[in-house]
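A.B. asks: In our numbering, the protein residues as written are 630 to 820.
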Amino acid sequence: MAHSIGKAMRWWEKGVPPNMKEIPSARDLVESLSGARDQLVVVGFFSPGCGGCRSLHPKISQFAEQNPNAVFLQVNYEEHRSMCYSLRVHVLPFFRFYRGANGHLCSFSCTVATIKKFKDALAKHSTERCSLGPAKGLEESDLMAMASNKELFFSYSKKQVSTEISPQIMKLVPSISEFVPSELVDMALVR
Numbered sequence: 630m631a632h633s634i635g636k637a638m639r640w641w642e643k644g645v646p647p648n649m650k651e652i653p654s655a656r657d658l659v660e661s662l663s664g665a666r667d668q669l670v671v672v673g674f675f676s677p678g679c680g681g682c683r684s685l686h687p688k689i690s691q692f693a694e695q696n697p698n699a700v701f702l703q704v705n706y707e708e709h710r711s712m713c714y715s716l717r718v719h720v721l722p723f724f725r726f727y728r729g730a731n732g733h734l735c736s737f738s739c740t741v742a743t744i745k746k747f748k749d750a751l752a753k754h755s756t757e758r759c760s761l762g763p764a765k766g767l768e769e770s771d772l773m774a775m776a777s778n779k780e781l782f783f784s785y786s787k788k789q790v791s792t793e794i795s796p797q798i799m800k801l802v803p804s805i806s807e808f809v810p811s812e813l814v815d816m817a818l819v820r
């Protein structure tokens, strides 16, 4: 159940740079992560009534402003309690870092007193890089947990990995005998 908080108290919307946005649904979180390509994505979990979250917000907004190539996503625990439970978020404020084909890089809780932890993770993971595959986003176990949570209205089917090699690929792969002397191939087959 979402708590109603007046506009005057919506501290998490103040001083928000263009690369920082609040996540409205589980589907939006998944799409934001998978659509980020090689961009660093920092997902911050907060609660409107959390004093630590409120005091940390200006610093996180400042980091977002200083890192315009990174994406900062905010998840309101009170509005998305069920999703947070599925993602095993049990303490606030909490952060998860994601990037490209690597997917989930790190996660931790952080306060104003331990802001160095956030700053170090940001420095480590915000360096330029190029992934060779698509953005991984959430781990499959997280996607499955969210899909099994009936309160989220989120669907996900486990991806099937084909182990069959297509004939087109087989034509491209040269025969092993082109690289290995036939005597060695014969010896390997005898054993």
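Glycine is no exception: its CB is placed at the ideal position from the N, C-alpha and C atoms. On a predicted model such as this, the values are computed, not experimentally measured, just so you know.
Helix, strand or coil for Q691? Go by DSSP, reduced to three states.
C.D. replies: Here Q691 sits in helix by DSSP.
A.B. asks: May I ask you to report which of helix, strand or coil DSSP gives E642?
C.D. replies: In the structure shown, E642 sits in a helix (DSSP, three-state: H, G or I).
A.B. asks: Within this structure, are the beta carbons of A764 and R666 separated by less than 8 Å?
C.D. replies: Yes. Within cutoff.
A.B. asks: Among the residues of its own chain, which have a CB less than 7 Å from the CB of P687, if the five just before and after it don't count?
C.D. replies: These residues qualify, in order along the chain: G644.
A.B. asks: Who pairs with R725 in a beta bridge, going by DSSP?
C.D. replies: Per DSSP, V672 and S736.
A.B. asks: I'd like to confirm the pairing. Which residues does DSSP put opposite N705 in its beta bridges?
C.D. replies: F675, per the DSSP bridge assignment.
A.B. asks: If you compare alpha carbons, which of P646, N705, R639 and I744 is closest to V718?
C.D. replies: Of the candidates P646, N705, R639 and I744, the one whose C-alpha sits nearest the C-alpha of V718 is N705.
A.B. asks: Can you look up V659 in the DSSP assignment and give me helix, strand or coil?
C.D. replies: Three-state DSSP puts V659 in a helix.
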